[in-house]
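Colleague: Protein chains in written order, with my numbering: chain A, 10 to 230; chain B, -8 to 343.
Every residue, glycine too, gets a C-beta built ideally from N, C-alpha and C.
1) Would residue 100 (chain A) be called buried (16 or more neighbouring beta carbons within 10 Å of its own) or exposed?
2) For the stretch 14 to 27 of chain B against the stretch 72 to 86 of chain B, do three or more pairs of beta-carbon atoms, one drawn from each stretch, fall closer than 8 Å, so that the two count as touching?
3) Determine the chain A residues that contact residue 113 (chain B) at a beta-carbon separation under 8 Å, and present them in chain order.
4) Assuming residue 195 (chain B) and residue 111 (chain B) are in contact, meaning their beta carbons sit under 8 Å apart, how far apart are those beta carbons, in whole angstroms?
5) Taking Cβ-Cβ distances shorter than 9 Å, what residues in chain A pair up with residue 69 (chain B)?
6) Sorted by chain position, which residues of the same chain lie with C-beta nearer than 8 Å to residue 115 (chain B)'s C-beta, five sequence neighbours on each side aside?
7) Run through chain B and tell me which residues come within less than 7 Å of residue 131 (chain A), C-beta to C-beta.
8) Using a cut-off of 9 Å between C-beta atoms, extract the partners of residue 29 (chain B) located in chain A.
9) What residue does the beta strand (DSSP E) around residue 173 (chain A) start on, and which one ends it?
10) At the level of alpha carbons, what is the spacing between residue 10 (chain B) and residue 36 (chain A)?
11) Does any residue of chain B bring its CB to less than 9 Å from the CB of residue 117 (chain A)?
12) For the beta strand (DSSP E) holding residue 107 (chain A), just list the boundary residues, first then last.
13) According to DSSP, is residue -8 (chain B) helix, strand or coil?
14) Under three-state DSSP, which class holds residue 31 (chain A)?
15) Is it buried or exposed, residue 168 (chain B), if we count other Cβ atoms within 10 angstroms and call 16 or more buried?
16) Is residue 310 (chain B) buried or exposed, if buried means 16 or more other CB atoms sit within 10 Å of its CB?
17) Output yes if chain A places a C-beta closer than 9 Å to the C-beta of residue 105 (chain B); else output no.
18) At the 9 Å Cβ level, is residue 299 (chain B) part of the contact set with chain A, yes or no?
19) Checking the sheet assignment: what are the DSSP bridge partners for residue 182 (chain A)?
20) Quick one: what does DSSP say residue 130 (chain A) is sitting in, helix, strand or coil?
21) Quick one, which residues of the stretch 180 to 199 of chain A are near chain B if we go by CB-CB under 7 Å, in chain order?
22) Between the stretch 94 to 109 of chain A and the stretch 29 to 46 of chain A, are three or more C-beta pairs nearer than 8 Å?
23) Helix, strand or coil: how does DSSP classify residue 56 (chain B) here?
24) If the cut is a Cβ gap below 8 Å, which residues of chain A does residue 250 (chain B) touch?
25) Can you check the stretch 53 to 128 of chain B for any alpha helix (DSSP H) of at least 4 residues that lies completely inside it and give the ranges in chain order?
26) Quick check: the Cα distance between residue 91 (chain A) and residue 158 (chain A), rounded to an integer number of angstroms?
27) Exposed or buried, which one is residue 203 (chain B) when buried takes at least 16 other CB atoms within 10 Å?
28) When you compare the CB positions of residue 231 (chain A) and residue 154 (chain A), do they come within less than 9 Å of one another, or not?
29) Tell me which same chain residues have a C-beta within less than 8 Å of the C-beta of residue 113 (chain A), skipping the five on either side of it?
30) For chain B, is any of its Cβ atoms less than 9 Å away from the one on residue 140 (chain A)?
31) Looking only at its own chain, which residues have a Cβ that is under 7 Å from the Cβ of residue 178 (chain B), when we skip the five neighbours before and after it?
32) Give the DSSP-derived three-state secondary structure of residue 155 (chain A) in the structure shown.
33) Mapping the DSSP letters down to three states, classify residue 44 (chain B) as helix, strand or coil.
34) In chain order, which continuous runs of the alpha helix (DSSP H) of length 4 or greater are located wholly inside the stretch 248 to 285 of chain B?
35) In the DSSP assignment, find the unbroken beta strand (DSSP E) run with residue 9 (chain B) in it and report its ends.
36) Determine which residues of the stretch 85 to 115 of chain A have a Cβ less than 7 Å from any Cβ of chain B, and write them out in chain order.
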């Protein structure tokens, strides 16, 4: 039986059956991290787990204005094993996801994911040094970053500037910036420092329900 | 003119127009090769062919051919030159596979060996506990006579109580019950598994010892090969261990306790991985902090010698640490007086 899956209002290429989110599987028949697959009319849906992927959490918590459409070119910093990155690649089917990751161990898994998808490009590099991988990147419009480092805000700002991206999402882990401070205080500081770098923070969403002490910053250049 | 290189070729540009182009071959392997070269900081043949007429460059690698400038090259589109995204994807995946292959150095193996060693220690303990329990039904007194490796060996090679006693030239009364042949067969199976994992542990330990002498002889001498390897693994690499302050080294492996201290004001940890070092855990509790601190300081110096100079300074360091431990023992022979415990049940907010 076909499940009752419909597009999420205000978002193209993200679907929901009322409680679970789905994206259309760009490499049918394959799963990336053991997620559930559902047959739909002529397409295959891939369940999107919000506890594994902060972007799914952000959408479930009501953020609709992502500025990701089917041809966006995304720079994904901190792609790890490609869990979230694979869903981003589902969303931007005709676009492209440049996945940057430093850890060789995660990169091994990431390469396997990239091989089965037409629009994912693996780059083994340190997001701290955009100039090191700049020649490998082409016309990026969107920066998505999920890096648990103390200088994660600085990394984000520099990458936004280096590739002249128009939009971005920063998944912030407040405990990486300072374990001792209250996450809310960290968030407001981050918001201020993003604004001081001429980035407009459109939305700040606390992700505590799915990822403790994390917040998403939806940003426009 | 500005010289810039993209993933599909090198270009000479003027006023946002391409004057001359030197394209890469339309082959993923060839592109991967060039990307690899760029990563290593080498100059490509395509770039050399254009370099003579360049005034400015966009990449650090090319500074000898012109002044480095910021330049937006997004108007040079791969489609215009017949390069597709698919081609590029193939090239990057080829490059990525090479990078993954090249990423495994000796320290990665060392890290896995340390983990395997830890796993072997815990499984050996688990299995041998079970063996003692099971064989103890039949012959509980044996563990007073033999221990560890010898215990398991005696059971695998002799089996029943009578045979073991005969082989050991012993005579004693046992309160253990009799067992049937098939029970004994199962027990010896378990015993041989214990024996096997004990010898595997020894072999892995020998391997770690050997490897550490190669990779980090000084650290190995001061901290011991297994602890040394564990420190390196925890730090990420020898270079990173060498660049850590000794206070960090002292607490490697005690991160949870450290952050609990910072967050909730519990007492700070005195040692992490270093606790396993005999100098630390054989010291009485009140001296351990000081000993761990001294040891961490020496390990840091050892790591720096291993990572950079390669000199053997282990003898000196060993003498220094022994002297320092002696000093600590003399300075604090007796436990300090206990701080008065607060009568109220409320949790202390901050450790002082």
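Modeller: Put simply:
1) buried
2) yes
3) Near residue 113 (chain B) there are no residues of chain A at all, since even the closest Cβ is about 23 Å away, more than 8 Å.
4) 6 Å
5) 147
6) 185, 188, 189, 192
7) 83, 84, 87
8) 144, 145
9) No beta strand (DSSP E) contains residue 173 (chain A), which DSSP labels as neither H nor E.
10) 41 Å
11) yes
12) 105 to 110
13) coil
14) strand
15) exposed
16) exposed
17) no
18) no
19) A:223
20) strand
21) 188, 189
22) yes
23) helix
24) 188
25) 76 to 93
26) 18 Å
27) buried
28) Here chain A comprises residues numbered 10 to 230, so residue 231 (chain A) is not present and cannot be evaluated.
29) 133
30) yes
31) 125, 126, 146
32) strand
33) coil
34) 269 to 272
35) 8 to 14
36) 105, 113
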